[in-house]
Ligand code: SF4
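Numbering (the working numbering), first residue to last: 113 to 340.
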């Protein structure tokens, strides 16, 4: 069980799943690039965060719910958590009671993404980590959630199977390890770099090849030299 002061943001897990160096640049070196992709992403997320909780038939929709897991030491906010009314033939272990409302309800995390579904599993890891938090907070089982992609405007179901749960837990361990090490991982140019918001700052094609340049830049960043 982790104490609150040791909590790590859920978003850090997604950055790490995308690229360890991107995680280091953002979370150790506080680098962030407000480019078109991140601005659109923020705008895309504004809507779920800002709207009121609503009810649509047998679905109740909560936006911007605070999440935490003491077991994994994670905290953050869910874009959307839907509560679907539990049907008579479904196990009660899937449902929770909601204050002031009759019946049992199944929590279903829904994460919004601006772009298209990705080849890697970093989005799935993020929504699975949200499910871990909700399961612990509400003492319930959550078998699935959704990722909503802006292109095409469609939901994709995410099954929280053993493989995804194991992958997510292992990433939490790796996140702790790298946080304790406190050093940004080295740059290595890969296909994913082309959709990375920190491509310009990271310069993987240049410094990834030259170890001396990389070491020099790392030393500057860690010593704070060159900061205004
Ligand atoms: S540009 Fe590539 S190596 Fe650099 S942080 Fe982004 S994904 Fe990682």
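For every residue, glycine included, the Cβ atom is placed at its ideal position computed from N, Cα and C. What you are looking at is a predicted structure, and each value in this text was computed from that prediction instead of being measured.
Decide if residue i is buried, meaning its Cβ has at least 16 other Cβ atoms within 10 Å, or exposed.
| i | result |
| --- | --- |
| residue 217 | buried |
| residue 235 | buried |
| residue 167 | exposed |
| residue 129 | buried |
| residue 163 | Because the pLDDT of residue 163 is 49, which lies under 50, any placement of that residue in the model is unreliable, and the number read from its coordinates should be weighed accordingly. Exposed is the call here. |
| residue 211 | exposed |
Where does the unbroken beta strand (DSSP E) through residue i begin, and where does it stop?
| i | result |
| --- | --- |
| residue 181 | 171–181 |
| residue 216 | 216–225 |
| residue 168 | 166–168 |
Spatial neighbours of residue i within its chain, please: CB distance less than 7 Å, with the 5 preceding and 5 following residues excluded, ordered by chain position.
| i | result |
| --- | --- |
| residue 209 | 216 |
| residue 149 | With a pLDDT of only 46 at residue 149, under the threshold of 50, the placement of this residue in the model should not be trusted, and no figure is reported. |
| residue 263 | 227, 228 |
| residue 181 | 244, 245, 248 |
| residue 123 | 188 |
| residue 173 | 165, 166, 192, 194 |
| residue 317 | 301 |
For residue i, which of helix, strand or coil comes out of DSSP?
| i | result |
| --- | --- |
| residue 191 | strand |
| residue 262 | coil |
| residue 228 | coil |
| residue 204 | helix |
| residue 257 | strand |
| residue 311 | helix |
| residue 140 | coil |
| residue 113 | coil |
| residue 148 | In this predicted model, residue 148 has a pLDDT of only 45, less than 50, meaning its place in the structure is not dependable; the value taken from the coordinates is given anyway. Reduced to three states, the DSSP call for residue 148 is helix. |
So residue i is in the alpha helix (DSSP H); what residue range does that whole segment cover?
| i | result |
| --- | --- |
| residue 316 | 316–319 |
| residue 274 | 274–293 |
| residue 246 | 234–250 |
| residue 124 | 122–130 |
Between the Cα of residue i and the Cα atoms of the options, which residue gives the shortest distance?
| i | options | result |
| --- | --- | --- |
| residue 196 | 213, 187, 313, 188 | 213 |
| residue 170 | 199, 284, 294 | 199 |
| residue 237 | 249, 295, 274 | 274 |
| residue 245 | 130, 265, 280 | 280 |
| residue 277 | 291, 294, 313, 233 | 233 |
| residue 120 | 302, 288, 312 | 288 |
| residue 117 | 265, 318, 186, 207 | 186 |
| residue 62 | 259, 286, 202, 260 | Residue 62 lies beyond the residue range present for the chain, which begins at 113 and ends at 340; the question has no answer from this structure. |
| residue 260 | 291, 230, 138 | 230 |
| residue 265 | 303, 292, 225, 290 | 225 |
| residue 268 | 290, 143, 294, 223 | 223 |
Between which residues of its own chain and residue i is the CB-CB distance below 6 Å, once the five residues before and five after are set aside?
| i | result |
| --- | --- |
| residue 257 | 220, 221, 239, 243, 270 |
| residue 297 | 132, 133, 136 |
| residue 284 | 184 |
| residue 113 | 182 |
| residue 190 | 177, 179, 221, 242 |
| residue 311 | 305 |
Spatial neighbours of residue i within its chain, please: C-beta separation below 8 Å, excluding the five flanking residues on both sides.
| i | result |
| --- | --- |
| residue 272 | 240, 243, 254, 255, 256, 257 |
| residue 125 | 186, 237, 238, 241, 280, 283, 284, 287 |
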